[in-house]
Amino acid sequence: MAFTGGEKRLLSKINSDIREKAHSMVKMISWRKLEQDEDCDDGTEEIWRRSIVMGERCRPLDFSGKITYDCEGNLIPDHSTQRDE
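Take 42 as the starting number for the sequence shown in our numbering and just add one per residue.
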């Protein structure tokens, strides 16, 4: 199949346009990916890796795991883990 001069120019122009559009799409996709990576990396640590900041009102739980109730179903405080303050 032989192409005439006009057809060759048209095909060349179409190929050039496609190449330019493909190149601009690749750039756009790579910029979006870069922006997403920057959004994810905002300097914060994952929540499970953060250290817990303890203030004066924050204390670790003192819970032995023992839950006791009286005969009427009322919760009885566990005195074995309570601190004197």
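Just so you know, even glycine gets a beta-carbon here, dropped at the ideal spot from N, CA and C.
Keep in mind that this is a model prediction, so the values were computed, not measured.
| Check | Outcome |
| --- | --- |
| Output yes if chain B places a C-beta closer than 7 Å to the C-beta of V94; else output no. | Absent from the structure: chain B. Only one protein chain is present. |
| May I have the straight-line CA-CA distance separating L52 from M66, to the nearest angstrom? | 21 Å |
| Going by alpha carbons, who is nearest to S105 out of H120, L116 and R60? | H120 |
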